[in-house]
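J.:
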Amino acid sequence: MSHPTPRSPGSSGSSGDDAARHLPGPSPLPVAPGSDAPAPDASAPAAPTGQKVPEPIKVLIAAAFVIALGYGLVAPVLPQFAASFGVGVAASSAVISAFALCRLVFAPASGAVVNRIGERPTYLIGLIVVALSSAATAFAQTYWQLLVFRGLGGIGSTMFTVSAMGLIVRLAPRHMRGRVSGYYATAFLLGGILGPVLGGFLAGLGMHAPFLIYAGALIVAVLVVWLRLRDETLGAKRTGAAQPPMRVRDALDAGAYRAALASSFSTGWTAMGVRVALVPLLAAQVVGEGPAVAGLALALFAVGNAAALTVTGRLTDRLGRKPLVLTGLAVCGLSTIGVGFSTSVVAFAVLSLLSGVGSGTLNPGQQAAVADVIGPDRAGGKVLSRYQMCADAGQIAGPVIAGALADAAGFGWAFGVSGALMLLAALAWLPVRETLPETALSEARRPRPGGTDGR
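Residue 862 in our numbering is what sits at position 75 of the sequence shown, and the numbering runs on without skipping anything.
1. How big is the Cα-Cα spacing for L933 and A850?
2. Any idea what DSSP makes of S1142, helix, strand or coil?
3. Can you list the beta strand (DSSP E) stretches of 3 or more residues lying completely in the segment 1156-1223, in chain order?
4. Below 6 Å CB to CB, which residues in the same chain sit around T1148 once its five sequence neighbours on both sides are set aside?
5. What residue range is occupied by the uninterrupted alpha helix (DSSP H) comprising Q928?
6. Can you check whether the CB of T1054 is closer than 8 Å to the CB of Q1178?
7. Would S968 and G940 be called neighbours here (beta carbons separated by less than 8 Å)?
8. Is it right to say F988 is buried, meaning 16 or more other beta carbons lie within 10 angstroms of its own, or is it exposed?
9. Between the beta-carbon of Y930 and the beta-carbon of V1012, is there less than 8 Å?
10. Rounded to the nearest angstrom, what separates A1079 and R957 at their Cα positions?
11. Please confirm if the segment 1122-1131 is in contact with the segment 1158-1170, defined as three or more CB-CB distances below 8 Å between the two stretches.
12. From G1181 to V1157, what does the alpha carbon distance come to, in whole angstroms?
13. Give every residue of the same chain whose Cβ lies closer than 8 Å to the Cβ of L999, excluding the five residues on either side of it in the sequence, and list them in chain order.
14. Assuming the contact rule is C-beta atoms closer than 8 Å, G1120 and A1207 should be a hit. Round their C-beta distance to whole Å, please.
15. Helix, strand or coil for L1039, going by three-state DSSP, please let me know.
16. What does a CB cutoff of less than 6 Å around S1142 pick up in its chain, not counting 5 residues either side in sequence?
17. Pull up the CB-CB distance for G953 and R1108, whole angstroms please, since I reckon it's below 8 Å.
18. Hey, would you say L1048 sits closer than 8 Å to Y1174, going by beta carbons?
19. Looking at I915: is its Cβ nearer than 8 Å to the Cβ of V1009?
20. Below 7 Å CB to CB, which residues in the same chain sit around I1243 once its five sequence neighbours on both sides are set aside?
21. Three-state secondary structure (DSSP) at S879?
22. Thinking S944 and G913 are a contact (beta carbons under 8 Å), I'd like their distance in whole angstroms, please.
23. Excluding sequence positions up to five away, which residues of its chain have a Cβ less than 7 Å from the Cβ of A1002?
24. G1003 lies in the alpha helix (DSSP H); which residues open and close that run?
25. Starting from A855, trace the alpha helix (DSSP H) in both directions and tell me its first and last residue.
26. Taking the Cβ atom as the reference point for each residue, do A1046 and W1216 lie within a distance shorter than 8 Å?
27. At the level of alpha carbons, what is the spacing between A1061 and A1117?
28. Starting from G979, trace the alpha helix (DSSP H) in both directions and tell me its first and last residue.
29. Please classify M952: does DSSP put it in a helix, a strand, or coil?
30. Around the Cβ of L891, are there at least 16 other Cβ atoms within 10 angstroms (buried) or fewer (exposed)?
31. If distances are taken between C-alpha atoms only, which option among A1155, D1194 and G1185 comes closest to M963?
32. Roughly how many angstroms lie between the CA atoms of S1245 and F1135, to the nearest whole one?
33. Quick check on the DSSP output: the alpha helix (DSSP H) that includes K1109 runs from which residue to which?
34. Please return the same chain residues whose Cβ sits closer than 6 Å to the Cβ of V900, not counting the five positions on each side in sequence.
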């Protein structure tokens, strides 16, 4: 599931990088042409010791959990619902692909919308579109209606994903961006795990009920975000000279952004695409076990991911973005290669767990690095949408190409190439300069009163 993150109106603001003050200013951390990292804002005051995660971000984290819970609720039912219209396996799978394809195709437009009207309106509109799409799906009378309604849901999904990433970029103080990214990803992960479990208890209500429940949950999320994330809370656009939105070509001047695009694509390919599509087949055909072991492998990946996220988000702020990203890419890449050559249940399970740990280790760092490049003081909708597009493109292309490799040369080649992509992305990160300024590293390492982590 790749919904996986948000931003708000106007994205202009104060000259400081302390987003906890909720005053978006005119000049972010500018990217010097040809440099690998954004220039630190020397004028930005250090955040106060013991500072907590801003309340608006807590609202976004709670909304992320609800969104993922609902998505997990409908995902197991969707292929069966499509098959109920008398179509084959390929057509049933196309319903899932339509959602991902629309996310990919409409991501640039979503970035432009964020730059024009702001993150909060885009986020709310995206949630409403997905809610209406989910409700319409429940009442679909033909396969083609189902396909269209799910595609519309993909458009709404990319709107709230890009705007959510933008909000976190702007609202998270730079010394806790990794931790916030970890919390947000954990909320999505836990929702995705618990959703299918809840769906099992609701199975007796029929195939239409999960879509209606999901729509209702999204409407509740819309109301909460509408009431709790006001312009005055987020920092409304101020009068005066506003910094223009960051252009993609400006972001590409930063080596960290280019490397993040590579790791985003490889993560989408391997962790979100190949893992879901090929692990069940590998379990049945090579390891010699059926759905139970496949489910165990997927569950262990999620456990490893969640366990890593609880630690690595904070480490990303204390040690820097680059070390955690490199470690995660190496662990995930090598373990993915190993999965393809597994012949026993124990090896299969352990390597799946390690893959999850690697994925959870790298994600907060790469997202925080992109946030560092953009800075808190101007819109980065198009920059964020390209980053999200890379993950979506990998998630779409990975299962198709790796599946063809598995048919032609075996699962070893399919998982070997997928793991190698992670290692190649690690090579892209090697020459990148650390994006977290030393002042922010010092602030993140400063002890908090009473031992609190600032939540």
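Beta carbons are placed, not taken as given, at the ideal position from N, Cα and C, and that holds for glycine.
T.: Answer, in terms of the structure:
1. Translated into the one-based positions of the sequence shown, residue 933 becomes position 146. Translated into the one-based positions of the sequence shown, residue 850 becomes position 63. Going by C-alpha positions, L933 is about 26 Å away from A850.
2. Sequence index remark: in the sequence shown, residue 1142 carries index 355 (1-based). If DSSP states are grouped into helix, strand and coil, S1142 belongs with the helices.
3. If only complete runs of 3 or more residues are kept, the segment 1156-1223 shows no beta strand (DSSP E) anywhere.
4. Walking along the sequence shown from the start, residue 1148 turns up at place 361. Answer for T1148: A1095, T1099, L1111, T1114 and G1115, listed in chain order.
5. In the sequence shown, counting from the first residue as 1, residue 928 sits at position 141. For Q928, no alpha helix (DSSP H) run applies, since DSSP gives it neither H nor E.
6. Here the question's residue 1178 lines up with position 391 in the sequence shown. Here the question's residue 1054 lines up with position 267 in the sequence shown. The question names Gln, yet the displayed sequence has Ala at residue 1178. Cβ distance < 8 Å, so A1178 and T1054 count as in contact.
7. Indexing the sequence shown from 1 puts residue 968 at position 181. Indexing the sequence shown from 1 puts residue 940 at position 153. Taking 8 Å as the Cβ cut-off, S968 and G940 do not qualify as a contacting pair.
8. The residue you call residue 988 lines up with position 201 of the sequence shown. A residue is called buried once 16 or more other Cβ atoms fall within 10 Å of its Cβ, and F988, having fewer, is exposed.
9. As a first step, residue 930 is located in the sequence shown; it is residue number 143 there, counting from the start. As a first step, residue 1012 is located in the sequence shown; it is residue number 225 there, counting from the start. No, Cβ-Cβ distance for Y930 and V1012 is not below 8 Å.
10. Residue 1079 sits at position 292 when you count from the first residue of the sequence shown. Residue 957 sits at position 170 when you count from the first residue of the sequence shown. Their Cα atoms are separated by approximately 43 Å.
11. Here the segment 1122-1131 makes no contact with the segment 1158-1170; the two share fewer than three CB pairs at distances below 8 Å.
12. Numbered from its first residue, the sequence shown carries residue 1181 at position 394. Numbered from its first residue, the sequence shown carries residue 1157 at position 370. Between G1181 and V1157, the C-alpha separation is close to 18 Å.
13. Along the sequence shown, one-based indexing puts residue 999 at 212. Cβ neighbours of L999 beyond the five flanking positions: S921, A922 and A925.
14. Counting from one through the sequence shown, the residue named residue 1120 turns up at place 333. Counting from one through the sequence shown, the residue named residue 1207 turns up at place 420. Indeed, because the Cβ distance is near 7 Å, the residues count as touching under 8 Å.
15. Position 252 of the sequence shown, counted from the first residue, corresponds to residue 1039. If DSSP states are grouped into helix, strand and coil, L1039 belongs with coil.
16. Taking the sequence shown and counting its residues from 1, the one referred to as residue 1142 is at position 355. Excluding sequence neighbours, S1142 sits near F1088, C1119, S1122 and T1123.
17. Residue 953 sits at position 166 when you count from the first residue of the sequence shown. Residue 1108 sits at position 321 when you count from the first residue of the sequence shown. About 18 Å; that fails the 8 Å criterion.
18. Looking up residue 1048 in the sequence shown gives position 261. Looking up residue 1174 in the sequence shown gives position 387. Yes, they are a contact pair.
19. On the sequence shown, position 128 is the one that residue 915 refers to. On the sequence shown, position 222 is the one that residue 1009 refers to. With contacts defined by Cβ atoms closer than 8 Å, I915 and V1009 form a contacting pair.
20. It is not possible to answer for residue 1243, since the shown part of the chain is limited to 788 through 1242.
21. Start at 1 with the first residue of the sequence shown, and residue 879 comes out as number 92. DSSP places S879 in helix when its eight states are reduced to three.
22. Stepping through the sequence shown from its first residue, residue 944 is reached at position 157. Stepping through the sequence shown from its first residue, residue 913 is reached at position 126. Correct: roughly 7 Å between the Cβ atoms.
23. Indexing the sequence shown from 1 puts residue 1002 at position 215. Only A918, S921 and A922 meet the Cβ criterion.
24. The residue labelled residue 1003 in the question sits at position 216 within the sequence shown. Annotation: the continuous alpha helix (DSSP H) that includes G1003 extends over A996 to R1015.
25. If you number the sequence shown from 1, residue 855 lands on position 68. Secondary structure note for A855: its alpha helix (DSSP H) is the uninterrupted segment E842 to V861.
26. Sequence index remark: in the sequence shown, residue 1046 carries index 259 (1-based). Sequence index remark: in the sequence shown, residue 1216 carries index 429 (1-based). A contact, by the Cβ cut-off of 8 Å.
27. Your numbering for residue 1061 matches position 274 in the sequence shown. Your numbering for residue 1117 matches position 330 in the sequence shown. Note that residue 1061 is Val in the sequence shown, not Ala. As the crow flies, the alpha-carbon of V1061 is around 17 Å from that of A1117.
28. Walking along the sequence shown from the start, residue 979 turns up at place 192. According to the DSSP assignment, G979 belongs to the alpha helix (DSSP H) that extends over R964 to F988.
29. Sequence index remark: in the sequence shown, residue 952 carries index 165 (1-based). DSSP, reduced to helix, strand and coil, places M952 within a helical segment of the structure shown.
30. Position 104 of the sequence shown, counted from the first residue, corresponds to residue 891. By the neighbour-count definition (other C-beta atoms within 10 Å, threshold 16), L891 is a buried residue.
31. Along the sequence shown, one-based indexing puts residue 963 at 176. Out of A1155, D1194 and G1185, A1155 has the C-alpha closest to the C-alpha of M963.
32. The structure shown does not extend to residue 1245, since the chain is modelled only from 788 to 1242, so the question has no answer here.
33. As a position in the sequence shown, residue 1109 is number 322, starting the count at 1. Residues R1108 to G1127.
34. Taking the sequence shown and counting its residues from 1, one reaches residue 900 at position 113. T909.
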